[in-house]
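Written below as structure tokens is the structure these notes are about.
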Amino acid sequence: MTVTLRPATAADVEAVAAVWYAGWGDGHLGHVPDELVAVRTKETFWSRAAERVADTTVAVVGDEVAGFVMVTGDEVEQVYVSRDHRGSGVAGTLLSEAERQVKANGHGEAWLAVAAGNARARRFYERGGWSDGGAFDYPATVGDRAIPVPCHRYVKQV
């Protein structure tokens, strides 16, 4: 299987939003405040994907978007892989690319937030050399406010 990475385009919004919506539910439902679940409607993933095209790198397998990452500054903000491509190495390829981007942005350390109860994601990052920097409340932005989400801050030297 060949994975191709490239910057997202407007034509990728539909695929990115679909992967993001499904993956967010898998990793967050039951682990984030009900207040956040109530405002993260299906439609919000499509609007957010469209707004974030410039921050997004997609992984393509064949002609299908298999996953994506969003990087801003030193933060690996989103890492998602479609259900059909989990366990295939796509996530590791995306995470390596995110680390490269953080370094290219001039930072020596990358960080990301993982919902405290998302054990699958936490194990994945730990296998990739990321360290649990401790619990904190991640401010999930919703319009002009933020909802605190119990998370762990993972860090890695890049």
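Quick note, the numbering used here runs 144 ahead of the 1-based positions in the sequence shown.
Here a beta-carbon is modelled for each residue, glycine too, at the ideal position from N, C-alpha and C.
{"Asked": "Could you check where the alpha helix (DSSP H) with S240 kicks off and where it finishes?", "Found": "234-248"}
{"Asked": "Considering only DSSP beta bridges, list what L149 is partnered with.", "Found": "A203"}
{"Asked": "For I291 and A259, I'd like the C-alpha separation in whole angstroms.", "Found": "13 Å"}
{"Asked": "Considering only residues of the same chain and omitting the five flanking positions on each side of A152, which have a CB-CB separation below 7 Å?", "Found": "V160, V197, T200, T201, V202, F212"}
{"Asked": "For the beta strand (DSSP E) containing S226, name the first residue and the last one.", "Found": "Run containing S226: none; DSSP gives neither H nor E here."}
{"Asked": "Quick check: what's the CA-CA separation for T237 versus A155?", "Found": "22 Å"}
{"Asked": "Please classify T185: does DSSP put it in a helix, a strand, or coil?", "Found": "coil"}
{"Asked": "Which of the three DSSP states is assigned to A194 in this structure?", "Found": "helix"}
{"Asked": "Hey, out of M145, G287, V220, S226, whose CA is closest to W274's CA?", "Found": "V220"}
{"Asked": "Give every residue of the same chain whose Cβ lies closer than 8 Å to the Cβ of N249, excluding the five residues on either side of it in the sequence, and list them in chain order.", "Found": "V215, G217, D218"}
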